[in-house]
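Novice: Residue numbers (my numbering): 16 to 340.
Glycine included, each C-beta is placed from N, C-alpha and C at the ideal position.
Okay, handing you the structure first.
Here it is in structure tokens:
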């Protein structure tokens, strides 16, 4: 327990340093660059909203899953589980599980945010609304020499905080966080395919719609195969929910619906960052990829959700408590 707390502190210190003392790399620009001349817009999904929802939903799902396992599936198998002690006190396995899985989730959150900050402050890429917020004294109103790369400029915008944020486009922290949370909690590798198609072919609307529709149909077929034939053996990337809820619940659609909901919530957050002119499409794509990778890594190799499944012999093959054969 103390080791987990130490790791959280280890990641929290550099995060505080980045946010309070580090300034982003000052990148120049071409005055005719249309990609940084979009108007400033408020975020559809604010940072505060994302943090609250992105932390509460996985925490809630972890709590519900562990309570359900303990109270329903494992009630007749108490003697088959390991007992835990803290000094002279007995600690119920439910408390230990919640501490471990929620702790690992938050550890991944800190690591993911640290990676985001390193990328943002090192690259210093300008957001699509950079010119509207910065209003540089050179090349803002007139562009006399479009081939000149302007580096010696001063922002004249009225809001220093927005000017600071306008230099932190790469890569999208919203996308990285939302996809990390979705992947750690539930989502499979093939679910990421529709978002990639939508971003890459978004300018060709009919083509994008057809490709996304096709990918969703294929995803549905894979889900049907997984939950009809082999719900646990072939799903190594469906992570926490797939590992802990090792048998279908009530209906074979329940777990896929939850997983789809988390994925499309993450996709919505990512896509709004482009439509709100907060990020370039490549920022969003890289953020989603990095967040997904960290989510997979933390769940599979740090939390080891599939090695910690704890499936007692008395539960396997049971049809009680919502299990279906």
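(1) Please determine, among 138, 279, 81 and 178, the residue with the shortest C-alpha to C-alpha distance to residue 55.
(2) Taking 6 angstroms as the limit between beta carbons, can you name the residues of its chain near residue 211, skipping five residues before and five after?
(3) Can you give me the C-alpha to C-alpha distance between residue 2 and residue 195, rounded to a whole angstrom?
(4) Is the beta carbon of residue 361 sitting closer than 8 angstroms to the one on residue 119?
(5) Have a look at the DSSP bridge pairing and note the partners of residue 170.
(6) By the DSSP assignment, the alpha helix (DSSP H) with residue 268 in it spans what residues?
(7) Between residue 126 and residue 299, what straight-line distance do the alpha-carbon atoms span, to the nearest angstrom?
(8) How would you call residue 60, buried or exposed, if buried means at least 16 neighbouring beta carbons within 10 angstroms?
(9) Taking a contact to mean a Cβ-Cβ separation below 8 angstroms, would you say residue 181 touches residue 131 in this structure?
(10) Residue 272 to residue 167, Cα distance in whole Å?
(11) Does the beta carbon of residue 270 come closer than 8 angstroms to any beta carbon on chain D?
(12) What residues in its chain sit with their C-beta under 8 angstroms from that of residue 108, if we drop five residues either side in the sequence?
(13) If contacts are defined as beta-carbon pairs under 8 angstroms, then residue 151 and residue 170 qualify, I think. What distance do you get, rounded to the angstrom?
(14) Mind checking who residue 100 pairs with in its DSSP beta bridge?
(15) Quick one: Cα of residue 296 to Cα of residue 35, how far?
(16) In whole angstroms, what separates the C-alpha of residue 76 from that of residue 278?
(17) Mind checking residue 342: buried by the 16 CB within 10 Å criterion, or exposed?
(18) Hey, residue 105 and residue 141: beta-carbon distance below 8 angstroms or not?
(19) I'd like to confirm the pairing. Which residues does DSSP put opposite residue 45 in its beta bridges?
(20) Suppose you measure from the CA of residue 165 to the CA of residue 45; what does that come to, to the nearest Å?
(21) Please look up how many angstroms separate the CB atoms of residue 201 and residue 255, rounded, as I've assumed it's under 8 angstroms.
(22) What do you get for residue 291, buried or exposed, if any count of 16 or more other CB atoms within 10 angstroms of its CB means buried?
Specialist: Considering the structure as presented:
(1) 178
(2) A caution first: residue 211 carries a pLDDT of 48, below 50, which makes its placement in the model unreliable, though a value can still be read off. So the list is empty, once near-sequence residues are dropped.
(3) Only positions 16 to 340 of the chain appear in the structure, and residue 2 is not among them; the question remains open.
(4) This structure cannot speak to residue 361, because the chain is shown only from 16 to 340.
(5) 151
(6) It is not in any alpha helix (DSSP H) - residue 268 carries neither H nor E in the DSSP assignment.
(7) 18 angstroms
(8) buried
(9) no
(10) 53 angstroms
(11) Absence of chain D from the displayed structure is noted, only one protein chain being present.
(12) 85, 96, 97, 98 and 99
(13) 6 angstroms
(14) 105
(15) 28 angstroms
(16) 14 angstroms
(17) The chain is shown only over 16 to 340; residue 342 falls outside these bounds and no answer can be derived.
(18) no
(19) 164
(20) 6 angstroms
(21) 6 angstroms
(22) buried
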